[in-house]
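Under the working numbering, think of the first position of the sequence shown as 13, with each following residue one higher. Ideal Cβ positions, reconstructed from N, Cα and C, are used throughout, including at glycine. In this text the structure is predicted, and so the values were computed from the model without any measurement. All remarks here apply to the structure that follows.
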Amino acid sequence: MQNEWMSLTDLADARGISLTEARALADREHWPKVYRLHETFVLAPRRAA
């Protein structure tokens, strides 16, 4: 399984969840995070097709 960096906003859009739920998911799964000025990026695993 490959991982890819994506913003929390993109993660929320890709999974059909709210930004708050995306942030909670990243915290719960302990995904690495990078904080930028206006966005947070997480190293999230790709979803299986």
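Please name the residue or residues paired with residue 56 in a DSSP beta bridge.
-> 16
With 16 as the cutoff for other CB atoms within 10 Å, does residue 49 come out buried or exposed?
-> It is exposed - the Cβ of residue 49 has fewer than 16 other Cβ atoms within 10 Å.
Quick one: is residue 54 buried, meaning 16 or more other Cβ sit within 10 Å of its Cβ, or exposed?
-> buried
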